[in-house]
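Chains as they are written, first to last, in the numbering used here: chain Z, 107 to 314; chain G, 305 to 734; chain D, 294 to 501.
Positions of the beta carbon are idealized from the N, C-alpha and C atoms, including for glycine.
A quick write-up on the structure given underneath.
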Amino acid sequence: MELAGREDDKTGQTGTVSTLSPNWLTTKLDFLVNWSRANSLWPMPFGTACCAIEFMATAASRFDLARFGMERMSFSPRQADVLICAGRLPFKLAPVIRRIYDQMPQPKWVISMGACASTGGIFDNYAMVQGIDTVVPVDVYVPGCPPRPEALIYGILMLHKKIKGETLIDAELREEKVLDNRGLRLPVERIDELSEPFGNSIHQTRSE
Amino acid sequence: MAKRTLEVDLATTGVDAQGNPITLPLGVDADAAAQASDGPALAGEHMLINIGPQHPATHGVLRLVVELDGEVVVRVIPHVGYLHSGFEKLGEYRYYNQLIPLTDRMDYLAPMSNNVCLAMAAEKLMGVEITERCKVLRVIACETNRIISHLVWLGTTSIDMGAFTPFLWCFQQRERIYDLQEMWTGARLTTSLTRIGGLMADIPDGFEDGLREFCKTFPKTIQEVDSILSNNGIWCGRTQGVGIFTAEQALDYSLSGPLLRASGVAYDVRKDRPYLDYETYDFDIPLGERGDVYDRYMVRLEELRQSTRILEQALDRLPDGPINVDDPRITLPPKSAAMSDMEAMIFHFKQVMEGIPAPVGEAYFSLEGPKGELGYYFVSDGTAKPVRWRVRPPSFINLAALPAMCEGRLLSDMIAINASIDIVMGEVDR
Amino acid sequence: MNPSVEALRSEFGDALVSAEVSCGDTYIYIDPARNAEILSWLKDTPGQVYNYLVDITAVEYRDAELPIEVVYELFSLDRQVPFRVKARLPKGESLEIASIVSLWSAADWLEREVYDMFGIIFTDHPDLRRILMWETYAEGHPLRKSFPLRGRFSRSEQVRQALNANPEAHYSLEELSIASENYGLPEKMRDRLRRGERGNIPDPEVVE
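Written out as structure tokens, the structure reads:
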């Protein structure tokens, strides 16, 4: 575009290219908004356990989250876009993550990193929330114990894909999902169902 | 004056205790303004602030409630348990070998040290003697993990003090050990390296060369960090003379690891209760003189060098031979034998379905983990699952000394002191 | 067997119930009523000097008839000798034993943990409250054998209780160190303290 302009200067002619200002373009508003949102996701790293170490490794030298516009860790939830729950979530911590999620402004997304955050993992016991989706809504689940940095990056790219499919017209998308009057996010039966152990774990709950 | 505590609600900083908005004209001294308006004089008032459980400077989900007089810390109340995962309860429901994946997730900065400690405790309980090659390989596992644990400490602490570069250097070196760990066990972090009576796998081809290469080039990074931090004015100003703990205090709080040695007490489990033939390795125990944060930093830096030394010696002496004990009741038969040989298949089946029964008794085994004395205590009633699996968590016990270290210091010193303890919340809360 | 056993027997007689060896380590059973006395003697007597408190924990056996044991793991830094002291607390009675915080400050958190996990009361402990579970945790003491692995309540009830906890209401009276200063606080805050994690905040009218 710049070259063409120079050519025009030489010949003294005004071509179509140089009459058009390079400062505008036509596109869909949704595309532009989603593109910019997806490429500058500020993460709120809710790092608790082992996954937090892998998250740190993802942000550090070799894997470098800055490639996705995410190097700016937002330790304050009020400036964050995506909550990354990296690690297991005990019941004692559940009100904390809920508070952080409530403090984040819309638009916001949640990545559940690792087996423990997604399902409770190997900790099917009295202390552990069996999947953070019983506490906050989750957009992307990243499997692994802990997931490799590549897996987390893949999850982030999946979130990009999801964001790029959103539309501004859908007001429901950005609605605050508040807790009901009992203080729960999901119906009681749903939580019990989600928290059910999978596989044959009868053997593992026997003490001798 | 009488000690009073005034709570400041952090969410609404512009509101006083009665809920009325505070308006102070710019450039006016706060005390003078308070006196002029007949309000309470703020001098001598204590303020309560809350740090954590989700805060970048608390190294995990630690929560500190701090009572401040101006900027001076009057009291610190640590709240732990935000990562309580019920490890010890789960341990009563698992076979001894099934505990090993749990130990990875306890101190996830040094998973292999935990794997080794669990296997050694169970072997002590069962009276199993491991092979020579296994011993040396376990030393390699322990020392590489001491290095990666100290590197995380160095990196995150330097971030806390405002230096970002060492973090990137440290993580670069960590990635090299992660590559080696991945070669060996298939996992970067949750290694589950040991089995009772041996290891899950022998080291693969190329591991020795990779580790030798690491040992050769890693001291350069220590040297770089040393040159950028040790004489740095900001670093020295924030660490020297901060959080001093005398030897008596350190023993009173049962501190262990670099924290205790920085206070001048030469207690190192590798020297005092040798295991894995540590008495035959040539290495030094660095000691601090003043017991401040700077000494803890220097001790850890020196331990990185000493660990490299031990690794080199271990590589030199690595004998050939089997890695697992030759006992079909303890060691799983090779997969090929289990598939073709009836007897091997029965042993395989019995071990997987019924576990390895331990004799009635109890055993406490401890080793020098990166954070301090890491101990596992088993009580057995003769079944294949322990009655009680107790972890002696070094960072839990070290963290208990935080209030005593911080009292009377500035709030910013508290961040440095907390960092110097080197906690890992998975182990504190278990 | 550790020679300290003989020295103890001549010094304390019947307070030393029995001595055994397991896996090369000597451990003794003592009279729980005299634990502080015996541990103090072991710590300070020349020739013994078990000056390093390694650990305090408790053990409950699967056999419900057997008493609960409190275990003190000691180590002599001067002589490099470990020693384990145990005290049996019968289940029918109240589980109480004297605190040894005056001997080692490290005992503070370790005893709080044993209290939290087993419900053993350490008398004269300066600040005996739950440490790992939260103050209002209603399900009991997790490491007791009668406590089921997944806790006593259903998963949905556990989530409900966790989410209804107020993460900001954790300022307890100990933290404010102002049992006597409580009256000077504004009503709003006293109310908050009353609802806080401690539960039984004394009312000024009742105290005075």
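Residue 174(Z) and residue 723(G) have their C-alpha atoms spaced approximately 30 Å apart. Chain Z has no Cβ within less than 8 Å of the Cβ of residue 423(D).
Boundaries of the beta strand (DSSP E) around residue 192(Z): 188-192.
One finds nothing in chain Z with a Cβ atom closer than 8 Å to the Cβ of residue 485(G); even the nearest lies about 12 Å away.
Scanning its chain for C-beta atoms nearer than 6 Å, with the 5 sequence neighbours on each side dropped, one finds around residue 367(D) the residues 343 and 376, in chain order. Residue pairing of residue 383(G) in beta bridges, as defined by DSSP: 367(G). Within chain G, no residue has its CB atom less than 8 Å from the CB of residue 334(D), the nearest being about 18 Å off. The beta carbon of residue 619(G) lies closer than 8 Å to those of 444, 512, 515, 516 and 519 in the same chain, with the five residues before and after it left out. Think of a sphere of 7 Å around the beta carbon of residue 137(Z): no beta carbon from chain G falls inside it, the nearest being about 34 Å out. Looking at the DSSP output, residue 523(G) bridges to nothing.
Listed along chain D are 347, 348, 350 and 366, each with a C-beta nearer than 9 Å to that of residue 696(G).
Straight-line measurement puts the Cα of residue 160(Z) at about 12 Å from the Cα of residue 168(Z). Rounded to whole angstroms, the gap between the alpha carbons of residue 616(G) and residue 426(G) is 28 Å.
By the CB criterion at 8 Å, residue 157(Z) and residue 219(Z) fall inside the cutoff. Shown here, residue 595(G) sits in coil according to DSSP, grouped into three states, outside any helix or strand. Residue 283(Z) sits in coil when the DSSP states are folded into three classes, being neither helix nor strand. Separation of the CB atoms of residue 661(G) and residue 651(G) is rounded to 14 Å, and the pair is thereby denied contact status at 8 Å. A contact between stretches requires three or more CB pairs, one per stretch, nearer than 8 Å, and the region 631-647 of chain G fails this requirement with the region 597-608 of chain G. In this structure residue 465(G) does not touch residue 489(G) by the C-beta definition: roughly 34 Å separates them, more than the 8 Å allowed. DSSP places residue 273(Z) outside both helix and strand once states are collapsed to three, so it counts as coil. Partner residues in the beta bridge of residue 359(G), as assigned by DSSP, are 364(G).
Closer than 8 Å to the CB of residue 343(D) there is not a single CB belonging to chain G.
For the region 487-515 of chain G, the residues whose beta carbon sits under 7 Å from a beta carbon of chain Z are, in order, 492, 493 and 494. Here residue 319(D) carries a strand assignment [DSSP, helix/strand/coil].
Taking a Cβ-Cβ cut-off of 9 Å, the neighbours of residue 163(Z) in chain G comprise 475, 478, 479, 482, 492 and 493, given in sequence order.
Looking only at 528(G), 486(G), 658(G) and 702(G), the smallest Cα-Cα distance to residue 403(D) is reached by 702(G). Note on geometry: alpha-carbon atoms of residue 355(G) and residue 367(G) lie some 6 Å from one another. Within the model, the alpha-carbon separation for residue 437(D) versus residue 450(D) is close to 21 Å. Within the DSSP bridge table, the entry for residue 680(G) names 669(G) and 695(G) as partners. In the DSSP annotation of this structure, the continuous segment of the alpha helix (DSSP H) that includes residue 415(G) starts and ends at 415-430.
Uninterrupted alpha helix (DSSP H) stretches at least 4 residues long and entirely within the region 206-265 of chain Z occur at 221-225, given in chain order.
DSSP places residue 343(D) in the coil class of the three-state scheme, outside both helix and strand. For residue 353(D), there is no enclosing alpha helix (DSSP H), as DSSP gives it neither H nor E.
If you compare the alpha carbons of 371(G), 407(G) and 521(G) with that of residue 707(G), the shortest gap goes to 371(G). In this structure, residue 537(G) and residue 566(G) do not form a Cβ contact; the two beta carbons are roughly 21 Å apart against a cut-off of 8 Å. When 7 Å is used as the limit between beta carbons, residue 384(G) is near these residues of chain D: 424 and 425, in chain order.
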